[in-house]
Amino acid sequence: MRPLASFWNLVQNENMKIYRRISTWIMLGITVVIPLLLTVAFALLAEEENANNWEVMMLESQIVFLLITIFAVVKSSETVAGEFSRGTIKLLLIRPWSRSSILLSKFISIILFALLFTVVSFAVTWLANVIAFGNTANPANLISEQSPLAGSSPWAYALRYYLDEFITLIVVVTFGFMLSSAFRSSGLAIGLSLFLLFSGSMISGLLSLTDKEWVKYVLFPHLGLSTYVNGGTPVPDHPTTYAFSLGVLAVYFVIFNVISWTVFTKRDVSA
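Numbering (this note's numbering) for the sequence shown: -10 to 260.
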């Protein structure tokens, strides 16, 4: 139990580095304010008889989740590269923890950061829309007939959507974490991670034009994991299953972490 407690102290130390920075609280404030503003805008523009709190919530969630992913990418890209740029990496590595433990604690702290923001956004978005539109919804208007959740409650649909988006977020964040570990540059890590996030659908479309079987093993299409909840597939020309996409994402997740671990544990920081 003592090693576990010691490791948890290491995670708490990384959390302190994140939450004592004013930028973190600004990000959290934006995560709260944006859905509130969107709800007010929708409430003013929507026709009362057609207002549906769940439909509006899901529209807002797409925007808010994009923001959360950007915030998490920024934090993940800074967590390792920032130690190098501030010159604190040597002080960190002389402590009685292995490099693997230090890297893992940083990664866990970023995942907890993303999880906190996701939970807060879900709670704020749901509550704001219940207050504005009431707690009623016709699942048929929210969930398509092609969806595997057709006939289910709006709660099931929303939670599945958030789960899929969170899985995608973790993969994108892990990519940024890898770049941060490999290149010591938070700017490069942030830039390439956001490129991966924003250009994924465009690159997927271009790859689909090649009509090659290997396209379904490329990362980009599977970042649209939430496509499945509406009955679609990330690679239309080569239909895949939800389990297959999870498997592809898992493989890339492992590859990114192996690269991060290899570079960080072998790197000479004496220079």
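Just so it is clear, CB atoms sit at the ideal spot from N, CA and C, and this is done for glycine as well. Remember, predicted model here, so these are calculated numbers, not experimental data.
Around the beta-carbon of L195, fewer than 16 other beta-carbon atoms lie within 10 Å, marking it exposed. F209 places its beta carbon less than 9 Å from that of S193. Between F166 and L185 the beta-carbon gap is near 12 Å, outside 8 Å, which marks them as no contact.
Annotation for S170: the continuous alpha helix (DSSP H) segment containing it runs P143 to F172.
Here E134 carries a coil assignment [DSSP, helix/strand/coil]. Beyond the five residues adjoining it in sequence on each side, F245 comes within less than 6 Å, by CB distance, of T163, F164 and M167 in the same chain, given in chain order.
Going by DSSP, K95 is part of the alpha helix (DSSP H) stretching over R88 to F122.
Rounded to the nearest whole angstrom, the C-alpha separation of I52 and G236 is 26 Å.
In the structure shown, R75 adopts helical secondary structure according to DSSP, grouped into three states. The three-state secondary structure of G18, taken from DSSP, is helix.
Rounded to whole angstroms, V252 and I179 show a C-alpha spacing of 18 Å.
Inclusion of L238 and V160 in the CB contact set at 9 Å is warranted, their separation being smaller than that value.
A distance of 9 Å or more separates the beta carbons of V109 and T13. For W250, the enclosing alpha helix (DSSP H) starts and ends at Y231 to K255. Counting along the chain, the unbroken alpha helix (DSSP H) around H211 starts and ends at L208 to H211.
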